[in-house]
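J.: Please see the structure below; I have some questions.
In my numbering, the protein residues as written are 56 to 406.
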């Protein structure tokens with residue numbers, strides 16, 4: 056029986072808007088030969104602006120409008136390529152040096168990371184770090200640690216602010232973080248854009264991909280035509296965002312902005328009560344006065360601490376009012392759905 060192309064296009068759009076990027080791309084491949092001239096060359100700012108415009112549309116509008124659907128193809132191909140490169144590094148041993156291997160925690164470093172993952176000003180002297188660790192807690196508890204952005208400051212060392220600046224969907228965030236640094240080191244802050252990819256049904260995993268953004272990217276490109284949303288963002292974040300002559304910058308004069316070239320997280324359910332955390336990142340903290348070898352050494356030592364901290368927080372989540380309020384009231388529908396689908400995954404894939 057021949058499948059209607061519009062039905063395939065509908066599934067492509069639906070899956071993408073449900074944050075199921077990989078399945079959206081796989082479905083897209085069934086009809087991609089009909090769109091041979093979609094360029095792989097893209098400007099990231101343009102991508103974000105297009106994606107913002109498409110999210111205001113109904114699925115059927117995009118399916119029935121050739122230009123909008125081609126724009127979505129560009130976005131899906133871009134995100135798929137980027138996320139698969141990060142996953143490839145997560146799964147690879149080539150070029151990675153073992154820094155730590157104890158207590159079900161593995162830490163690796165690499166100077167050989169793909170330069171295509173680094174921004175144009177990426178510093179190849181800074182090593183990329185990869186951390187793997189098993190956690191004896193349900194996937195929902197581990198995911199909550201990463202998902203509840205504004206609670207980061209409750210457990211991340213020296214972080215004094217963590218907030219969502221803009222949230223286009225359940226698993227897409229524009230965030231702001233700041234750290235109160237010790238001694239005479241200037242405080243640090245960071246703006247990141249992250250999106251999740253839901254692969255629970257297929258492999259029992261949730262992925263998150265993160266990188267830096269600028270306020271102009273968000274407010275002048277992505278939200279160029281969304282006046283009300285921009286106004287709300289500026290009002291809710293007036294303590295950290297300043298506008299001058301239609302240019303936007305952080306109103307934090309005593310901070311230095313670090314650069315997250317890329318980061319990726321994978322949370323995989325190993326059982327109903329345990330999971331594996333995989334983290335990969337390349338972050339420039341802008342500490343030019345500290346030799347690179349010292350910075351790289353410090354990152355290697357930080358890896359075990361990160362997993363131990365996640366283990367500690369995950370084990371206390373059932374007693375923590377701040378997390379329980381989110382999981383059982385504010386975002387109950389999201390967490391209930393995750394719990395249900397983890398159970399279904401293990402029913403279909405017995406341990």
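Built from N, CA and C at the ideal position, the CB exists for glycine as well.
1) Assuming contact is defined by CB atoms lying nearer than 8 Å, are residue 231 and residue 249 in contact in what I supplied?
2) The alpha helix (DSSP H) with residue 143 in it runs from where to where?
3) Flag this pair as yes or no: are the beta carbons of residue 29 and residue 74 separated by less than 8 Å?
4) Any contact between the segment 349 to 363 and the segment 150 to 166? By contact I mean 3 or more CB pairs, one from each, below 8 Å.
5) So does the segment 181 to 199 actually touch the segment 319 to 337, counting three or more Cβ pairs closer than 8 Å?
6) The alpha helix (DSSP H) spanning residue 290 covers which residue range?
7) Express the C-alpha separation of residue 66 and residue 112 in angstroms, rounding to a whole number.
8) Can you say whether residue 317 is buried or exposed, counting buried as having 16 or more other CB atoms within 10 angstroms of its CB?
9) Given a cut-off of 8 Å, decide if residue 303 and residue 325 are closer than it, judged by their beta-carbon atoms.
10) From 305, 108, 405, 370, pick the residue whose C-alpha is nearest to that of residue 127; which is it?
11) Please report the distance separating the alpha-carbon of residue 154 from that of residue 380.
12) Taking all protein chains shown into account, do 16 or more other C-beta atoms lie within 10 angstroms of the C-beta of residue 345, making it buried, or fewer, making it exposed?
13) With residue 233 and residue 244 assumed to form a contact (beta carbons below 8 Å), what rounded beta-carbon distance in angstroms separates them?
14) Below 8 Å, can you find three or more Cβ-Cβ pairs linking the segment 369 to 387 to the segment 264 to 278?
15) With DSSP as the reference, label residue 152 as helix, strand or coil.
16) With distance defined between alpha-carbon atoms, name the residue in 213, 310, 260 nearest to residue 401.
17) From 221, 301, 131, 393, pick the residue whose C-alpha is nearest to that of residue 79; which is it?
18) Which residue or residues does DSSP assign as beta-bridge partners of residue 214?
19) Assuming residue 256 and residue 396 form a contact by the criterion Cβ under 8 Å, report the distance between their Cβ atoms to the nearest whole angstrom.
20) Going by alpha carbons, who is nearest to residue 211 out of 221, 235, 219?
21) What does residue 227 pair with, by DSSP beta-bridge criteria?
22) Using 8 Å as the threshold, is the C-beta distance between residue 262 and residue 138 below it?
23) Considering only residues of the same chain and omitting the five flanking positions on each side of residue 213, which have a CB-CB separation below 7 Å?
24) Check the C-beta distance from residue 311 over to residue 341 and give it rounded, since I have them as a contact under 8 Å.
25) Is the beta carbon of residue 292 less than 8 Å from the beta carbon of residue 220?
26) What are the partner residues of residue 183, as DSSP defines its beta bridges?
27) Express the C-alpha separation of residue 283 and residue 142 in angstroms, rounding to a whole number.
28) Measure how close the beta-carbons of residue 145 and residue 355 come, nearest whole angstrom, since I'm counting them as under 8 Å.
29) Out of 306, 148, 295, 106, which one is the CA nearest neighbour of residue 134?
30) Residue 208 and residue 197 look like a contact to me (Cβ under 8 Å); what is the Cβ gap, rounded to whole Å?
31) Mind checking which residues open and close the beta strand (DSSP E) that includes residue 199?
32) Compare the Cα-Cα distances from residue 408 to each of 125, 72, 84 and report the closest residue.
33) Tell me the rounded alpha-carbon separation between residue 163 and residue 181.
34) From which residue to which residue does the alpha helix (DSSP H) around residue 255 run?
35) Would the beta-carbon of residue 289 fall within 8 Å of that of residue 296?
36) Just to check my reading of the structure: residue 195 and residue 364 have Cβ atoms closer than 8 Å, yes? What is that Cβ distance to the nearest angstrom?
T.: By the coordinates alone:
1) no
2) 121 to 146
3) This structure cannot speak to residue 29, because the chain is shown only from 56 to 406.
4) yes
5) yes
6) 282 to 291
7) 15 Å
8) buried
9) no
10) 108
11) 38 Å
12) exposed
13) 4 Å
14) no
15) strand
16) 260
17) 131
18) 234
19) 6 Å
20) 235
21) 224, 250
22) yes
23) 234, 235, 236
24) 5 Å
25) yes
26) 165
27) 36 Å
28) With 8 Å as the limit, residue 145 and residue 355 do not qualify as a contact, their Cβ atoms being about 17 Å apart.
29) 106
30) Wrong, their Cβ atoms sit about 19 Å apart, outside the cutoff.
31) Counting along the chain, residue 199 falls outside any beta strand (DSSP E), though it belongs to the alpha helix (DSSP H) covering 194 to 202.
32) Residue numbering for the chain in the displayed model covers 56 to 406; residue 408 lies beyond these limits and cannot be assessed.
33) 13 Å
34) 255 to 258
35) yes
36) In fact, because the Cβ distance is near 18 Å, the residues do not count as touching under 8 Å.
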